[in-house]
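Sequence lines, in order, name chains A and B.
Count along the first sequence from 1, then add 192; that gives the number in the numbering used here.
Count along the second sequence from 1, then add 192; that gives the number in the numbering used here.
Written out below as structure tokens is the structure these notes cover.
Protein chains: 2
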Amino acid sequence: MNDDLIARRKRLLGPHVTTFYETPLHLARGEGAWLWDTDGRRYLDCYNNVAHVGHCHPRVVEAIARQAATLNTHTRYVHDTILEYGERLTGHFGHGLSSMVMVCSGSEANDVALRIAQAASGNTGIIGTDNTYHGNTAAVSQLNARKPPVGGYRDHVRQIPAPDNLHPIGGSRAAQEEAFYAATETAISELQASGHGAGALILCPYFANEGFPTLEAGFLDRAVAAVHRAGGLVIADEVQPGFGRIGSHFWGHERLGFAPDIVTLGKPMANGHPVAATVTRPELLETFQNAFRYFNTFGGNPVSAAAALATLKVIEDEGLQENARVTGRHALAGLRDLAARHMAIADVRGAGLFFGVELTEQDGTPATALAARVVNEMRERGVLIHTVGKFDNTLKFRPPCVFSRENADLALETLDAALSSAVATR
Amino acid sequence: MNDDLIARRKRLLGPHVTTFYETPLHLARGEGAWLWDTDGRRYLDCYNNVAHVGHCHPRVVEAIARQAATLNTHTRYVHDTILEYGERLTGHFGHGLSSMVMVCSGSEANDVALRIAQAASGNTGIIGTDNTYHGNTAAVSQLNARKPPVGGYRDHVRQIPAPDNLHPIGGSRAAQEEAFYAATETAISELQASGHGAGALILCPYFANEGFPTLEAGFLDRAVAAVHRAGGLVIADEVQPGFGRIGSHFWGHERLGFAPDIVTLGKPMANGHPVAATVTRPELLETFQNAFRYFNTFGGNPVSAAAALATLKVIEDEGLQENARVTGRHALAGLRDLAARHMAIADVRGAGLFFGVELTEQDGTPATALAARVVNEMRERGVLIHTVGKFDNTLKFRPPCVFSRENADLALETLDAALSSAVATR
Numbered sequence: 193m194n195d196d197l198i199a200r201r202k203r204l205l206g207p208h209v210t211t212f213y214e215t216p217l218h219l220a221r222g223e224g225a226w227l228w229d230t231d232g233r234r235y236l237d238c239y240n241n242v243a244h245v246g247h248c249h250p251r252v253v254e255a256i257a258r259q260a261a262t263l264n265t266h267t268r269y270v271h272d273t274i275l276e277y278g279e280r281l282t283g284h285f286g287h288g289l290s291s292m293v294m295v296c297s298g299s300e301a302n303d304v305a306l307r308i309a310q311a312a313s314g315n316t317g318i319i320g321t322d323n324t325y326h327g328n329t330a331a332v333s334q335l336n337a338r339k340p341p342v343g344g345y346r347d348h349v350r351q352i353p354a355p356d357n358l359h360p361i362g363g364s365r366a367a368q369e370e371a372f373y374a375a376t377e378t379a380i381s382e383l384q385a386s387g388h389g390a391g392a393l394i395l396c397p398y399f400a401n402e403g404f405p406t407l408e409a410g411f412l413d414r415a416v417a418a419v420h421r422a423g424g425l426v427i428a429d430e431v432q433p434g435f436g437r438i439g440s441h442f443w444g445h446e447r448l449g450f451a452p453d454i455v456t457l458g459k460p461m462a463n464g465h466p467v468a469a470t471v472t473r474p475e476l477l478e479t480f481q482n483a484f485r486y487f488n489t490f491g492g493n494p495v496s497a498a499a500a501l502a503t504l505k506v507i508e509d510e511g512l513q514e515n516a517r518v519t520g521r522h523a524l525a526g527l528r529d530l531a532a533r534h535m536a537i538a539d540v541r542g543a544g545l546f547f548g549v550e551l552t553e554q555d556g557t558p559a560t561a562l563a564a565r566v567v568n569e570m571r572e573r574g575v576l577i578h579t580v581g582k583f584d585n586t587l588k589f590r591p592p593c594v595f596s597r598e599n600a601d602l603a604l605e606t607l608d609a610a611l612s613s614a615v616a617t618r
Numbered sequence: 193m194n195d196d197l198i199a200r201r202k203r204l205l206g207p208h209v210t211t212f213y214e215t216p217l218h219l220a221r222g223e224g225a226w227l228w229d230t231d232g233r234r235y236l237d238c239y240n241n242v243a244h245v246g247h248c249h250p251r252v253v254e255a256i257a258r259q260a261a262t263l264n265t266h267t268r269y270v271h272d273t274i275l276e277y278g279e280r281l282t283g284h285f286g287h288g289l290s291s292m293v294m295v296c297s298g299s300e301a302n303d304v305a306l307r308i309a310q311a312a313s314g315n316t317g318i319i320g321t322d323n324t325y326h327g328n329t330a331a332v333s334q335l336n337a338r339k340p341p342v343g344g345y346r347d348h349v350r351q352i353p354a355p356d357n358l359h360p361i362g363g364s365r366a367a368q369e370e371a372f373y374a375a376t377e378t379a380i381s382e383l384q385a386s387g388h389g390a391g392a393l394i395l396c397p398y399f400a401n402e403g404f405p406t407l408e409a410g411f412l413d414r415a416v417a418a419v420h421r422a423g424g425l426v427i428a429d430e431v432q433p434g435f436g437r438i439g440s441h442f443w444g445h446e447r448l449g450f451a452p453d454i455v456t457l458g459k460p461m462a463n464g465h466p467v468a469a470t471v472t473r474p475e476l477l478e479t480f481q482n483a484f485r486y487f488n489t490f491g492g493n494p495v496s497a498a499a500a501l502a503t504l505k506v507i508e509d510e511g512l513q514e515n516a517r518v519t520g521r522h523a524l525a526g527l528r529d530l531a532a533r534h535m536a537i538a539d540v541r542g543a544g545l546f547f548g549v550e551l552t553e554q555d556g557t558p559a560t561a562l563a564a565r566v567v568n569e570m571r572e573r574g575v576l577i578h579t580v581g582k583f584d585n586t587l588k589f590r591p592p593c594v595f596s597r598e599n600a601d602l603a604l605e606t607l608d609a610a611l612s613s614a615v616a617t618r
């Protein structure tokens, strides 16, 4: 790594564009589940969900290259690809979710979703969890748990406690559903009392940023019903769990078994091409369009639509949801074996190709520093992961969905060694 | 045009995704300044600034295709291309504007710009014009003149009268500068009185959506100074005039001769690939990063950076700013000839490849319906333009910057015929 590169980067992009690792990665090439740095060293990518169907998948690359060479314009003109994509995408949804707005980022998708909820409900109050992230626009970043907005959270935002495996809300795993429901009702009451009303409950149905706690189907049913009773809408942010990653289902909300009014999509949708979408029922979209004038120049352009279409076809044709289910199950079993041998592993959890282990100290407190050491140890050993959760003490594995059984075995072996080394040297 | 396509489009994208023309265009292919529909009919594109260096420019296509096949990830990893691009881009700026945030859309760029201004000034008040558009996020759309926000404009937004050629603010062209300055001072006072303070004056330095009135260098000097005295920042939204389009200068703010604190870029930046940026001084970027946690997954990824870099190189290598200057001057002279023969043309104006004519009725009122007829007549005759301005009575020409003298002549001939026909049949 050239120090000059880091200096140029700081000068151009500012001092706070962090790199994941103590030794930043300078990448040159990607293919499938693998990344290569500029020295030719290979890394197993266990982190990047954006490259959902694998880095530089030839079918997605070819779709982008071909369409970029043919036509790229905007949706004021009629084009077939966005229609073919929209029909194929909404074919993966139930609950009347058959319309969409194509945008450029998950942030834009959630920004639109909040306004759909406002237009439809007439309310501006928003409920999220206390350990969430839904994007970076001024409006959406009001919900972010990690960095409170300048001047504090605004009055229309209510944060409710996120479910958790080791420190369940309500005091026990069995009490979590009741606690989450009660907190939702309290938030609704507060928003109604303050005049905002209940506009939306927005959440990741896998609670990805919350550390993906293990939840039963039906967990959200009473909270969802409460929001609906209050006239609000439920937004499922499927940016992380969506498109088959969780294996058992194509979407996170299917796994929990609830019916969202709006679904937002982002990162993995076009394998890295800047594409995102807000999917909703036609009558909600019309209400939004009547209330807010909205046009997105780049959203749904022919190249973006082609990239998204190719990605979706690869997911279907290569059976990546099934791969996520089978490989994820194998990996989870391996993590359970590791847990039997590593004291620091306090919990093993996940679904499909989105899994991890939570590390604690012997007294049960979060092993945040140890987790950071393991992440860096693994990077040095050629495997890329990161941490998640309120205390950043959960190791997160969220690889491209072409991740194989062999890839999983290598990741597990490396974790075994890295954990031993990190524990030994602390 | 297949009626079924329109029905599918409405069903998927909602009833309010309008098409520009009475007979929607169903496009298949683009090259240079030309577009072809699915029936093989060719159209001269006099409207689409997104395809800044020409539709499907082979160098941009090749850069996208090559990088997409090599590596696409995010800026948490170090990559050379964003650095090479950032240095080349900021080399086109003075005033210490040497840092940037890369994002996916002009809307995101302005959303960030407003927060930079808030972080640096400590103020939340925003001043824009009464006929502007800066994008579609919830925060930025508060400024939009065409569609007031649900519940009305919020108290932190102040709209000041836009300069205008036929109906100058202050009563005369000579009085506009004073009137604009006075309105800025009034807005600042109001924002201070209401506790918001002056955070930002945001404007397109070409006043593109306002109908690009003819303004002298120095027009904004007193208004800019007033905002700075009040502790606020000045944001130049260069999405439309930037990258050499106006011919005489690379940026609109250079032509008016003022020093913005923040510049936002969008549509033409990567010739249609979803790329945008907020450019500012390093100390302002750091202040923003300290106040707001910000990371944009797709922003500045290797493919986006490669697309933007190739576009900038083409602008430089093919001398497109000079082409805009020379071809624009030729076109403007031609429009003046037409004005001598067409009663409906009340004003001819513009700079570089961003020009047009304002149409009025004999009594001087805006000829909005006539302008719409001309737009559709020209589309039928194979030339794509659109309208702009408060009354949509100004015909806007804003072609790809590869637009040639021959293209201009064809556009002028077609306008001549379309105007005659539209006037005769009304």
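Glycine included, C-beta positions come from ideal geometry on N, C-alpha and C.
Predicted model, so just to flag it, every value in this text is computed and none were measured.
- V575 (chain A) sits away from L217 (chain A), with the two beta carbons spaced by 8 Å or more.
- V549 (chain A) is bridged by DSSP to A:V540 and A:L587.
- According to the DSSP assignment, I318 (chain A) belongs to the beta strand (DSSP E) that extends over G317 to T321.
- Contact between L530 (chain A) and A563 (chain A) is ruled out by a C-beta separation of about 14 Å, above the 8 Å threshold.
- The beta-carbon of C296 (chain A) is placed less than 8 Å from the nearest beta-carbon of chain B.
- Taking the Cα of G317 (chain B) as reference, the smallest distance to any Cα among B:V304, B:G344 and B:R350 is reached at B:R350.
- Within 10 angstroms of the beta-carbon of D429 (chain A) lie 16 or more other beta-carbons, which makes it buried.
- L393 (chain A) and L448 (chain A) do not touch by the CB rule: their CB atoms are close to 13 Å apart, not below 8 Å.
- At least one CB of chain A lies nearer than 8 Å to the CB of M292 (chain B).
- Counting only unbroken stretches of 4 or more residues, the alpha helix (DSSP H) elements lying wholly within the stretch 296–352 of chain B are 298–313, in sequence order.
- Identification of chain A residues near G424 (chain B) by a Cβ-Cβ cut-off of 8 Å yields none; the smallest Cβ-Cβ distance measures about 16 Å.
- Contact note: E300 (chain A) reaches chain B through C296, S297, S299, E300, N328 and T329, using a C-beta cutoff of 9 Å and chain order.
- Proximity to A532 (chain B) across B:F442, B:V549 and B:A301 peaks at B:V549, based on C-alpha coordinates.
- For P494 (chain A), the secondary structure class from DSSP, reduced to helix, strand or coil, is helix.
- Taking C-beta atoms as the reference points, L306 (chain A) and A330 (chain B) count as a pair closer than 8 Å.
- Excluding sequence positions up to five before and after S299 (chain A), its CB lies within less than 6 Å of the CB of G327, N328, T329 and V332, all in the same chain and listed in chain order.
- Within chain A, no residue has its CB atom less than 7 Å from the CB of V580 (chain B), the nearest being about 14 Å off.
- By the 16-neighbour rule on beta-carbons within 10 angstroms, T617 (chain A) is exposed.
- Look at the stretch 252–281 of chain B: the residues with a C-beta under 8 Å from a C-beta of chain A are V252, V253, I256, A257, A260, A261, T262, L263, N264, T265, H266, T267, R268, Y269, V270, H271, D272, I274, L275, G278 and E279.
- In this structure, N336 (chain A) lies away from E402 (chain A), with their beta-carbon atoms at least 8 Å apart.
- For N599 (chain A) and L395 (chain A), the gap between their C-alpha atoms comes out near 31 Å.
- Between the stretch 455–468 of chain B and the stretch 201–220 of chain B, the count of C-beta pairs closer than 8 Å stays below three; the two stretches do not touch.
- Remark: C-beta atoms of H420 (chain A) and N315 (chain A) do not approach each other more closely than 8 Å.
- Here A500 (chain A) is buried. Its C-beta has 16 or more other C-beta atoms within 10 Å.
- Per DSSP, the continuous alpha helix (DSSP H) segment holding L562 (chain B) begins and ends at T560 to E572.
- Taking C-beta atoms as the reference points, F442 (chain B) and H284 (chain B) count as a pair closer than 8 Å.
- In the three-state reduction of the DSSP assignment, L504 (chain B) falls in the helix class.
- Look at the beta carbons and you see the stretch 509–527 of chain A touching the stretch 432–440 of chain A: at least three pairs across the two are nearer than 8 Å.
- At least one CB of chain B lies nearer than 8 Å to the CB of F484 (chain A).
- For the stretch 239–306 of chain B, the continuous alpha helix (DSSP H) assignments of 4+ residues that do not extend past its boundaries occur at 250–262 and 272–282, in sequence order.
- Bridge pairing for V426 (chain A): A:L393 [DSSP].
- Under the three-state reduction of DSSP output, N463 (chain A) falls in the strand class.
- The C-beta separation of L227 (chain A) from H249 (chain A) comes to about 14 Å, leaving the pair out of contact by the 8 Å criterion.
- Residue environment for E446 (chain B): buried (at least 16 other C-beta atoms within 10 angstroms of its C-beta).
- Sixteen is the threshold: since fewer than 16 other Cβ atoms of the shown chains lie within 10 Å of the Cβ of H359 (chain A), the residue is exposed.
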